[in-house]
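Reading through the structure tokens given below for one structure.
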Amino acid sequence: MKRKFYAKPLDIRGGRVDMTHGSGGRAMAQLVEELFVAAFDNEWLSKMNDQALFGVESGRMVMATDAHVVSPIFFPGGDIGCLSVHGTINDVSMSGAVPKFLSASFVLEEGFPLADLERIVKSMAKASKDANVPIITGDTKVVERGKADGIYITTTGVGMVPVGIEIAGNRAKAGDAILVSGTMGDHGIAVMASREHLSFGSSVESDTAALHGLVAKMVECAPDIHVLRDPTRGGLATTLNEIARQSGVGMLIREKNIPVRGEVSAACELLGLDPLYVANEGKLVAICGADDADAVLAAMKVHPLGRNAAIIGEVREDAHGFVQMETAFGGRRVVDWLTGEPLPRIC
Amino acid sequence: MIPYVDEFRDGELARMLAKKIAAEIDPAGTYRFMEFCGGHTHSIARYGLADLLPSGVELIHGPGCPVCVLPVSRVDDAISLSKHAIVASYADMMRVPGSNSVSLIQAKAAGADIRMVYSASDALEIAKKNPHREVVFFAIGFETTTPPTALVAKQAKAMKLGNFSIFCNHVLTPPALSGILDSPGAPLQGIIGPSHVSAVIGLQPYARVAEKYRIPMVIAGFEPLDVMQSVHMLVRQTNRGEARVENEYTRAVTPEGNIKAQALMEEVFELRESFEWRGLGQLLKSARRFRKEYSEIDAEVRFSIRIRQVSDHKACECGAILRGLKRPHECRVFGTACTPDNPLGACMVSSEGACAAHYSFGRYRTT
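Okay, here's the thing in structure tokens:
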């Protein structure tokens, strides 16, 4: 029946996105059906309505949205597709919620290869299936060549917060323990290395991953976790400063306890960057009462995404809201907000 | 993996060195040392060195940050150049505000074609790829970045590209040292000398400074243990009343330096009679410009750029801070009107500047 409706199937291998794919006509319907609906493959999307209808349990919901504009779109360890699924699932999960559904909105540049689009969409479909969070509604727009950088994907997610869970950025209290779920800076260095064609002799892969499984395990063992956040742009340093500001507290972290891969610190050394400011896409920061810290750490360590988890410091009272660090060298310094863009130094 | 990095950041060794320094300090003596380079300033701040050093030792952050000392007018010039050409710049320069607080990053947002490059040869590549556009490399830096600029200038001249030029802002380290030591103010007991610069120019240029001003100097690497070790060497010289140049950075610096690089700089550049340094004013024979033979790739000639004087912000105390007369937090605008996100003065513009380092890493300390 589909074949009759369209003269010939999409030329995925050699075709390119053109203006008709966003015009609302038959070409667009074909792109949506043969690519998106086929790949995402779920009962809501295949109804082809402008919205998805779903029932909800009573309780509290969270909603989060995230636009993805990464360049290059394919990088070691992932691509813009799986990143856009993981990113929003993680934003939803950092409230302790169980993510339920996603939407996806595409801005495509005229001339974008359909083969690349298919690869991205398949990567999204796999990420969403692996996470068990279906993409149930979406939108596609095409802009003229030169008006976008290939492809932008915005995803929105909703999730249900279990009863009794109160996780928020303003709940860090003096005395709380600060934990991270693994090595810092992998994603940023993977992307930067492929962007600048830097070959370090070793390949750092992006850590892009959906963290809701890890969060579920953590919340199960310690329902009173105070804060969860994924240190994406701006890295660990920026995330800790955000939390310190929201909660009106200071923090003290210990450099020697912060896990960083050897390849990542080597790359940072070369580029004049600080791994604490480099982005992650599959890691979280947790802040919980000191009494819960060991249990949370143990729960993280048995999960594959928390194997390298560590307690890195504690929350303290501080009128200035400074995040300070005991350096591995034995001194102390402020770990400040990121200023501007992280730019390599020349000297 | 980079080997031999952790060895120079060993906290245990640092504590041992700190004990030695503390034991050798004369409680009645003064030990005010200036670390000349921004690289040292960054290292001191990033590793929290001040916490390890005994209170008798005071480190003053010097002017050795090429981004910080570049006068505002030259940033304005680079921004004007971007109206006619693709301007290729090192990343450090991108955020530095010009006289209307417009930086290269903002000019880029407003439509100028400004590209961030990692080296002078990257800029040359851009010129090769864009034969129909003018491409200008915004060359800055001390003797570390000067030889690569010279090399690219030679290559470009040989290639007769026709669309590539270099806006030369290379400056020299020894005149800046003299400039600081000539200016009135609290005396310094020693200088932690440049590391990478010295690998190029060697030790000789400093010997004259040490002798003339009777001041001990130790050429030191940028790793935190290098800095600790050089402080120890300076304390010893001070105690003995010596004033000579010592080399702590023997793994990279030889007495004669890199002769080839020196010859290359000499071949391509000549000294300007005088050049303005942000915070330090006019310093004689402190900067380079292209020799006549290179005028075809000299952006100053090609685009008729004239040197102008633009004064710094009135409230800015960078001059006093660069000379070690004031500490960053003693400046009225520090941390209020002047922050790394909105820098008014030289010392706040690069992470290697004295004020930016103090703001980003050391603000919890008020002394």
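Residue numbers (this note's numbering), protein chains in the order written: chain A, 48 to 394; chain B, 374 to 740.
Using N, Cα and C, we set each Cβ at its ideal position, and we do this for glycine too.
Note that the structure is predicted; figures quoted are calculated from it, not measured.
Closest Cα partner of residue i within the set the options
{"i": "ILE167(A)", "options": "VAL117(A), ASP271(A) and ILE136(A)", "result": "VAL117(A)"}
{"i": "ILE290(A)", "options": "LEU299(A), ILE300(A) and VAL274(A)", "result": "VAL274(A)"}
{"i": "GLU252(A)", "options": "HIS350(A), GLY329(A) and THR202(A)", "result": "GLY329(A)"}
{"i": "LEU657(B)", "options": "VAL600(B), SER472(B), GLY552(B) and PRO439(B)", "result": "GLY552(B)"}
{"i": "THR184(A)", "options": "ARG301(A), LEU331(A), SER228(A) and LYS94(A)", "result": "LYS94(A)"}
{"i": "VAL262(A)", "options": "GLY143(A), ASP177(A), LEU130(A) and TYR324(A)", "result": "GLY143(A)"}
{"i": "SER312(A)", "options": "THR286(A), ARG301(A) and VAL325(A)", "result": "VAL325(A)"}
{"i": "VAL238(A)", "options": "ASP341(A), LEU283(A), ALA224(A) and ILE120(A)", "result": "ILE120(A)"}
{"i": "GLU640(B)", "options": "ILE459(B), GLU666(B) and LEU598(B)", "result": "GLU666(B)"}
{"i": "LEU161(A)", "options": "GLU302(A), PRO278(A), HIS68(A) and VAL103(A)", "result": "HIS68(A)"}
{"i": "ASP126(A)", "options": "ARG280(A), ASP88(A) and MET171(A)", "result": "MET171(A)"}
{"i": "ASP341(A)", "options": "ALA357(A), LEU331(A), HIS350(A) and ALA221(A)", "result": "ALA357(A)"}
{"i": "VAL210(A)", "options": "VAL266(A), ALA219(A), LEU149(A) and GLU243(A)", "result": "VAL266(A)"}
{"i": "ASN542(B)", "options": "HIS686(B), GLN528(B), ARG705(B) and ARG679(B)", "result": "ARG679(B)"}
Rounded straight-line distance, which links the Cα of residue j to that of residue i
{"i": "ASN304(A)", "j": "THR230(A)", "result": "11 angstroms"}
{"i": "ARG379(A)", "j": "VAL370(A)", "result": "11 angstroms"}
{"i": "HIS272(A)", "j": "ILE334(A)", "result": "For the record, residue 272(A) in the displayed sequence is Ile; it is not His. C-alpha separation (whole angstroms): 6 angstroms."}
{"i": "GLY206(A)", "j": "ILE200(A)", "result": "20 angstroms"}
{"i": "LEU352(A)", "j": "GLY411(B)", "result": "39 angstroms"}
{"i": "LEU344(A)", "j": "ASN355(A)", "result": "10 angstroms"}
{"i": "GLY735(B)", "j": "LEU426(B)", "result": "15 angstroms"}
{"i": "GLY514(B)", "j": "GLY654(B)", "result": "17 angstroms"}
{"i": "SER294(A)", "j": "GLY216(A)", "result": "7 angstroms"}
{"i": "GLY429(B)", "j": "ALA423(B)", "result": "11 angstroms"}
{"i": "GLY248(A)", "j": "THR255(A)", "result": "Model confidence at GLY248(A) stands at a pLDDT of 45, short of 50, so the residue's coordinates are unreliable; what they give is reported in the following sentence. The alpha-carbon atoms of GLY248(A) and THR255(A) are separated by roughly 22 angstroms."}
{"i": "LEU78(A)", "j": "VAL132(A)", "result": "20 angstroms"}
{"i": "VAL307(A)", "j": "ASP338(A)", "result": "26 angstroms"}
{"i": "VAL573(B)", "j": "MET590(B)", "result": "17 angstroms"}
{"i": "VAL582(B)", "j": "ASP277(A)", "result": "52 angstroms"}
{"i": "ILE433(B)", "j": "ALA593(B)", "result": "15 angstroms"}
{"i": "ASN288(A)", "j": "MET298(A)", "result": "9 angstroms"}
{"i": "PRO146(A)", "j": "ARG419(B)", "result": "40 angstroms"}
{"i": "PHE148(A)", "j": "GLN98(A)", "result": "12 angstroms"}
{"i": "VAL84(A)", "j": "ALA531(B)", "result": "58 angstroms"}
Simplified DSSP assignment, three categories, for residue i
{"i": "GLY185(A)", "result": "strand"}
{"i": "CYS315(A)", "result": "helix"}
{"i": "PHE87(A)", "result": "helix"}
{"i": "CYS364(B)", "result": "There is simply no residue 364(B) to check, as chain B begins at 374 and stops at 740 in what is shown."}
{"i": "ILE694(B)", "result": "helix"}
{"i": "SER462(B)", "result": "strand"}
{"i": "ILE452(B)", "result": "helix"}
{"i": "GLN98(A)", "result": "coil"}
{"i": "ARG107(A)", "result": "strand"}
{"i": "VAL475(B)", "result": "coil"}
{"i": "PRO299(A)", "result": "Note on identity: in this sequence residue 299(A) is Leu, with Pro being the wrong assignment. Of the three classes helix, strand and coil, the one that applies to LEU299(A) here is strand, per DSSP."}
{"i": "SER150(A)", "result": "strand"}
{"i": "GLN828(B)", "result": "Limits of chain B in this structure are 374 at one end and 740 at the other, which puts residue 828(B) out of reach."}
{"i": "ILE212(A)", "result": "coil"}
{"i": "GLU629(B)", "result": "coil"}
{"i": "ILE305(A)", "result": "coil"}
{"i": "SER668(B)", "result": "helix"}
Nearest-angstrom Cβ-Cβ length linking residue i and residue j, presumed shorter than 8 angstroms
{"i": "ASP399(B)", "j": "ASN631(B)", "result": "Rounded, the Cβ-Cβ distance is 38 angstroms, inconsistent with contact."}
{"i": "HIS259(A)", "j": "SER140(A)", "result": "4 angstroms"}
{"i": "SER492(B)", "j": "PRO521(B)", "result": "6 angstroms"}
{"i": "VAL440(B)", "j": "SER723(B)", "result": "4 angstroms"}
{"i": "LEU497(B)", "j": "VAL460(B)", "result": "About 14 angstroms; that fails the 8 angstroms criterion."}
Boundaries (first-last residue) of the alpha helix (DSSP H) holding residue i
{"i": "ILE565(B)", "result": "ILE565(B) -> not in any alpha helix (DSSP H); beta strand (DSSP E) instead, spanning 563-566."}
{"i": "SER571(B)", "result": "569-574"}
{"i": "TYR579(B)", "result": "577-586"}
{"i": "LEU432(B)", "result": "Here LEU432(B) belongs to no alpha helix (DSSP H); instead the beta strand (DSSP E) covers 430-437."}
{"i": "GLU640(B)", "result": "632-641"}
{"i": "ARG609(B)", "result": "597-613"}
{"i": "THR522(B)", "result": "519-532"}
{"i": "GLN77(A)", "result": "73-78"}
{"i": "VAL262(A)", "result": "259-268"}
Segment limits, beta strand (DSSP E) that includes residue i
{"i": "ARG276(A)", "result": "274-276"}
{"i": "ILE592(B)", "result": "590-592"}
{"i": "ARG233(A)", "result": "The question names Arg, but residue 233(A) in the sequence shown is Asp. Note, ASP233(A): premise wrong, no beta strand (DSSP E); alpha helix (DSSP H) at 233-242."}
{"i": "GLU408(B)", "result": "404-410"}
{"i": "LEU657(B)", "result": "654-657"}
{"i": "TYR199(A)", "result": "198-208"}
{"i": "GLU361(A)", "result": "357-363"}
{"i": "GLU373(A)", "result": "370-373"}
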